[in-house]
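Number 494 in full-length UniProt numbering belongs to position 494 of the sequence shown; there are no gaps in the numbering.
Idealized CB from N, CA, C, for every residue including glycine.
Bear in mind that the values here come from a model prediction, so they are computed numbers and not experimental data.
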Amino acid sequence: MAAEPRRTESGLPIEPVYGPETLAGFDAASRLGTPGQYPFTRGVYPTMYTGKPWTMRQYAGFGTAAESNARYKQLIANGTMGLSVAFDLPTQMGYDSDAAISHGEVGKVGVAVDSVEDMSVLFGGIPLGEVSTSMTINAPGSLLLLLYQLVGEAQGVPSGRLTGTIQNDVLKEYIARGTYIFPPKPSLRLIADVFQYCRAEIPKWNTISISGYHMAEAGANPAQEIAFTLANGIEYVRTAVAAGMDVDDFAPRLSFFFVSRTTLLEEVAKFRAARRIWARVMKEEFGAKNPKSQMLRFHTQTAGVQLTAQQPEVNLVRVSVQALAAVLGGTQSLHTNSFDEAIALPTEKSARLALRTQQVLAFETDITATVDPFAGSYVVEAMTDELEAAALELMAKVEDMGGAVAAIEQGYQKSEIERTAYRIQQEQDSGARTVVGVNRFQLAEEEPYEPLRVDPAIEAQQAERLRRLRADRDSSAVDRALTSLRKAAEGSDNVLYPMKEALAARATVGEVCDALRGVWGTYTPVDRF
């Protein structure tokens, strides 16, 4: 009796041998094309890494703005090509550090930013006209972008020179991550306002990074990751078009964010399938004529969920394989996790090692010598087709429910991801899925490791900074600006202009978000099961 074939993370069978018959009827012209041309299966640029490598980003941020600033300068000195900012939970949720709800979380999983003064310290001595900055911030993403713009203006940098990305992807927060503030409809309105504002004021900025990473961290398999991410992307495009924007006016600034797992072959196929699906959606559904509107450009982060606290040095191997999958899949930028992140915040040494992993791939291997090394591989092309079909089936289910927001309101994506996460945990617990150092190849006793820890005194320090800020600022100017913001939120004017005035007057992140909460309310999640 033949053994059951091994299956991919998405549940698709992996054959022991692939050959020409696997791709019978394979139309290379329509499904592959050439690199840099529709449908972009082989990459979004003709030369990919043969001219220059991907952008090497390192996700960092902890404690105070001053501590994070020091880490950014170390990363730049070590060769990082782009900064990627992690914010603490209070900032992500639109609360000030001295709010009761923030207690115990200030500076823990990222940097605390309460005002333009914190943002000025965070980027002090870093020329914003010369670096590209990605900010992982969603519900209050517009605020952090405006704070960044204000710091750039203080440095004398024209806004037209600022480059970077705000994640600004709130739909996936309702599905997988939970750092939402407002209900879906006003959240989508805010995102459309960001699209319009950046087109006029910060034209080189990537206005959204539509994220599958956090869904994958919550348990989504590769097919679910790309299906639900692209479905969210479709919702954002529809929102912007409904607001009166031409698709080719904003679509070139859309970007995506995916995970890269240790299952290298399926991950390469996943990235290829995602590019092909998005190109066809943009061309056929939305009539995008600009090739840049059809390109799926994406950032990748290695899979934090696959890192283990047991034998943490083994994570160096995992991250290397994950990074290789991302590069072979054609990513535009990459963050490599540090080997100690399953234990605590990365140390300076572990962050440097993570960056060195990318540099070895870029400068010591030959994978950058040719465009799309896996093109024509029987197994990769077959997996790409299978993943494309599986993702399209899931996307059709979302459409049948009325689109991404309607499906979110019915709890569909969340429940599907939870089922997958439960199955994976069962497989690990039973031993059917091997996790080195956890359920096989364990050590009798783990070696001691001293992690980086955040000083709990930071919370009191931030509260004191806020006290001084409120005492020194012009309170009447803040009140006037917040009133203008509320008026814009109640009507149809772009809220980013009065929001910028409020932040420039030194209103805090929490005060601005509270003004919007007062108009738009807050979101209460719905579980389908």
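Under DSSP, Gln301 shares a beta bridge with Val259, His335.
Cβ contact annotation for Gly233 (same chain, cutoff 6 Å, sequence separation greater than five): Ile210, in chain order. By the Cβ rule, the region 115-128 counts as touching the region 493-510, because three or more pairs are nearer than 8 Å. Lys414 is classed as buried because its beta carbon has at least 16 other beta carbons within 10 Å across all chains shown. Going by beta carbons, Leu162 and Ile202 fall inside the 7 Å limit. Going by C-alpha positions, Ser10 is about 31 Å away from Pro183.
Across the set Phe271, Ser134, Asn138, Lys172, the C-alpha of Ser134 shows the shortest separation from the C-alpha of Trp205. By the Cβ neighbour-count rule, Ser430 is exposed, with fewer than 16 other Cβ atoms within 10 Å of its own. A direct Cα-to-Cα measurement between Asp98 and Ala66 gives close to 18 Å. Looking at the DSSP output, Phe228 shares a beta bridge with no other residue. Between Thr47 and Ala369, the alpha-carbon positions lie close to 10 Å from each other. For the pair Gln462 and Val106, the CB atoms are nearer than the 7 Å cut-off. Cβ-Cβ separation between Ala323 and Leu334: approximately 6 Å, consistent with a contact (criterion under 8 Å).
When the five nearest sequence neighbours on each side are left out, the beta carbons in the same chain lying within less than 8 Å of the beta carbon of Gly287 are those of Val247, in order along the chain.
Assignment of Asn206 by DSSP, reduced to helix, strand and coil, places it in the strand class. At a Cβ-Cβ threshold of 7 Å, Leu466 and Asp96 count as neighbours.
Boundaries of the beta strand (DSSP E) harbouring Thr133: 132-136, taken from the DSSP string. Under a 10 Å Cβ-count criterion, Asp455 is classified as exposed, with fewer than 16 other Cβ atoms of the shown protein chains found around its own Cβ. Within the same chain, and ignoring the five residues on either side of Met499 in sequence, the residues whose Cβ sits closer than 7 Å to its Cβ are Ser142, Leu143, Leu146, Leu485, Val512.
Under the three-state reduction of DSSP, Val436 is assigned to strand. Collapsing the DSSP output to three states places Phe87 in a strand.
The secondary-structure analysis by DSSP pairs Gln58 across a beta bridge with Leu83.
For Pro20, the closest of Val435, Val509, Tyr378 by C-alpha to C-alpha distance is Tyr378.
Counting only unbroken stretches of 4 or more residues, the alpha helix (DSSP H) elements lying wholly within the region 354-438 are 378-400, 404-409, 412-430, in sequence order. Straight-line spacing of the CA atoms in Thr91 and Pro13 works out to 43 Å. In this structure, Tyr18 sits near Ala382, with a CB-CB distance shorter than 7 Å. With respect to the 7 Å criterion, Ala220 and Ser260 are not classified as neighbours on the basis of their beta carbons. Contact check for Leu265 and Trp278: beta-carbon distance about 21 Å, past the 8 Å limit, so the pair fails to qualify.
In its chain, beyond the 5 residues on either side, Gly219 have a beta carbon closer than 7 Å to the beta carbon of Glu418. Taking C-beta atoms as the reference points, Thr179 and Met93 count as a pair closer than 7 Å. Assignment of Ser115 by DSSP, reduced to helix, strand and coil, places it in the coil class. Listed in chain order, the non-local C-beta contacts of Thr308 below 6 Å within the same chain comprise Ala342, Gly437, Val438, local neighbours out to five positions each way being set aside. Counting along the chain, Gly287 sits inside no alpha helix (DSSP H), nor does DSSP assign it H or E at all.
Buried is the label assigned to Phe256, since at least 16 other Cβ atoms lie within 10 Å of its Cβ. Between the C-alpha atoms of Arg517 and Asp169 there is a straight-line separation of about 18 Å. Residue state for Gly124 is assigned as coil, using DSSP reduced to three classes.
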